[in-house]
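Below: the structure, in structure tokens.
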Amino acid sequence: MIKRRTLLSAIGAGLLGAGALTLHPRQRGAPHGAYFARLSNALRAAGIATPTMVIDRDRLLANARQVRRNIDPRMQLRLVAKSLPCLPLLDDLVDRMHTRRLMVFNLPYLQQLAGQRPELDLLLGKPLPVAAASAFYTGFKGGAFDPARQLQWLVDSPQRLAQYRDLARQRQLQLRVNIEIDVGLHRGGVASAETLQQMLAIFQSEPRLQWSGMMGYDAHLSKLPDLPGVRAGALADAKRIYQEYAALATRTLQPAGLILNAGGSPTYRLHDGSATANEVALGSALLKPGDFEIDALADLAPAAFIATPVLKAPPQFQMPDGVEWIGTLARTWDVNQRRVYFIYGGNWLADPVSPAGIAASGLYGTSSNQQALLGSGAQQLQVDDFIFFRPRLSEAVLQQFGDIAVMEAGRITQRWPVLAAMP
Ligand SMILES: Cc1ncc(COP(=O)(O)O)c(C=O)c1O
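Numbering (our numbering), first residue to last: 204 to 626.
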């Protein structure tokens, strides 16, 4: 009897052990593939050995051509400056994408663009306090840029429009004003015909104000659950609302050459010129950071990466003294936590992409100085090798590394200074 029971328990324990083994995470990871090996070589040849934002210009321009193919000739294009916050990058895209239209989101960029790129056509992407608009005119030194023709302020309410009217009167300005409308995102903007009518009355009563168009941002359309009818219904609503507001305004004001802006990277393909909008705004898609890995942008390639060297590659991952046993458990349980790589910098709004199979440690705690990344060792990383991250956003992240390194045909050919980070 006893023997039989012992035997059964032994078999049970063995089965449990085997079960636990099969539950162990599988080994992941591999050395850099051809693309990132080439990028590593390019950086090394350029003497770069600190955390660096790299733009692959070949991919960037391929993305630019693809976006053009997708919208031509039905929609005009406006580049979103806050998502491409670097003057040479904007210059390159203005040139290659044949547009002078930019969307600007803050006073410092507006001042720089008006001063240094006087050929551009600027539309504000958010309503600025009237005091900021006033500061623009105070600081504006004149020159080839003509704000009365090339700048559209964005206004979201009758109250703000009245403030801009007073500014125009006080400073004897001609102001072009675009109306922000709420097409379903509910981030502000005109949300009723009555409000719009109040604004139209202000335009009618003040010749210093010129109504230039509408801006209806619709980012929600890409975030809605893909349940039957939900997205299609919201898209139909957005187009109907846009159409109704534009029809009401054009009946009252009858202007020419309206800018009817819609969309952003995730939604630009929803606009094909068959509805009211005649222009899409877009920035992030051209660099395609990680948050833009969506079906609607499947024909574009990631074109911006953070490169940073490995500073330390000890033979095994260890937790600090006192809790070393936790590290031992982690290593034993998960082969992907066997090795640790301390990198130069870290803790960015970005995810490691190459070599495959490395990840931040959930145990060790993060660091902006020397972040710990764990892997199985299959990556074959050595000290001074590069690790690459894909930023989740281009906005703000692009500006954390000083001059951008531009890669073309496998070589770093240019360094592009970035604009100062601004909300
Ligand atoms: C008004 C407006 N239009 C367009 C965009 C799209 O920018 P992106 O193409 O970089 O997503 C944004 C982004 O925040 C926005 O606020």
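Positions of the beta carbon are idealized from the N, C-alpha and C atoms, including for glycine. If you're wondering where the values come from, they're calculated on a predicted model, not measured in any experiment.
Asked: Burial state of His235 (16 or more Cβ within 10 Å); Found: buried
Asked: Bounding residues of the beta strand (DSSP E) (the contiguous stretch that carries Ile561); Found: Element bounds for Ile561: n/a, residue is neither H nor E.
Asked: Rounded C-alpha distance that separates Leu461 from Phe508; Found: 38 Å
Asked: Runs of alpha helix (DSSP H) lying entirely within the region 319-384, each at least 4 residues, in chain order; Found: 333-342, 350-353 and 361-374
Asked: Residue environment, His474, which counts as buried when at least 16 other CB atoms sit within 10 Å; Found: buried
Asked: Close-in-space but distant-in-sequence residues of the same chain around Ser557 (CB under 6 Å, 5 per side omitted); Found: His235, Phe239 and Phe591
Asked: Limits of the alpha helix (DSSP H) - the one that Arg153 falls within; Found: Missing from the structure shown is residue 153; the chain here goes from 204 to 626 and no further.
Asked: Extent of the continuous beta strand (DSSP E) run through Gly578; Found: Ala575 to Gly578
Asked: In DSSP terms, what Leu305 is bridged to; Found: Leu282 and Leu325
Asked: Inter-residue Cα distance where the pair is Gln413 and Gly250; Found: 53 Å
Asked: Contact set for Leu219: own chain, Cβ-Cβ below 6 Å, skip 5 residues either direction; Found: Residue confidence is low: Leu219 scores 48 on pLDDT, short of 50, so the model does not pin down where it sits. No coordinate-derived value is stated.
Asked: Trp551 in three-state terms, based on DSSP; Found: coil
Asked: Terminal residues of the beta strand (DSSP E) in which Phe591 lies; Found: Phe589 to Pro594
Asked: Residues that Arg618 bridges to, as DSSP identifies them; Found: Ala608
Asked: Sheet register partners of Ala510 (DSSP bridge); Found: Thr255 and Phe591
Asked: Beta carbon nearer than 5 Å to a non-hydrogen atom of ligand 1; Found: Val283, Ser286, Gly328, Tyr420, Gly467, Ser468, Ala484, Leu485, Gly486 and Ser487
Asked: Val333 vs Tyr367 beta-carbon contact at 8 Å; Found: yes
Asked: Cβ-Cβ distance between Leu296 and Leu316 below 8 Å; Found: no
Asked: Assigned exposure category for Ala501 - 16 Cβ within 10 Å defines buried; Found: exposed
Asked: Inter-residue Cα distance where the pair is Pro620 and Gln603; Found: 11 Å
Asked: Rounded straight-line distance, which links the Cα of Gly476 to that of Thr453; Found: 18 Å
Asked: Among Ser597, Arg277, Gln319 and Met625, nearest to Met256 - alpha-carbon criterion; Found: Ser597
Asked: Per-residue burial, Ile497 [other beta carbons within 10 Å of its own, 16 or more giving buried]; Found: exposed
Asked: Ala233 versus Pro594, Ile561, Leu463 and Ala599, residue with shortest Cα-Cα distance; Found: Ile561
Asked: Option in Cys289, Asn464 and Val393 with minimal Cα separation from Gln319; Found: Cys289
Asked: Val586 and Leu485 closer than 8 Å at C-beta; Found: no
Asked: Boundaries (first-last residue) of the beta strand (DSSP E) holding Val297; Found: Premise fails: Val297 lies in the alpha helix (DSSP H), Leu290 to Met300, not in any beta strand (DSSP E).
Asked: Same chain, Cβ closer than 7 Å to Asn481, five either side skipped, listed in chain order; Found: Met278, Gln279 and Leu463
Asked: Residues near Gly391 in its chain [Cβ-Cβ closer than 6 Å; skip 5 each side]; Found: Asp359
Asked: CB of Met417 within 8 Å of CB of Ile444, strictly; Found: no
Asked: Cβ contact check for the region 261-277 and the region 515-530: 3 or more pairs under 8 Å; Found: no
Asked: Of the residues Ile405, Gly387, Leu489 and Ala396, the one placed nearest Ala450, counting alpha carbons only; Found: Ala396
Asked: Burial state of Asp259 (16 or more Cβ within 10 Å); Found: buried
Asked: Arg472 versus Ala422 - alpha carbon distance; Found: 12 Å
Asked: Segment limits, alpha helix (DSSP H) that includes Leu399; Found: Ala396 to Ser408
Asked: Val433 - containing alpha helix (DSSP H), residue span; Found: Val433 to Leu456
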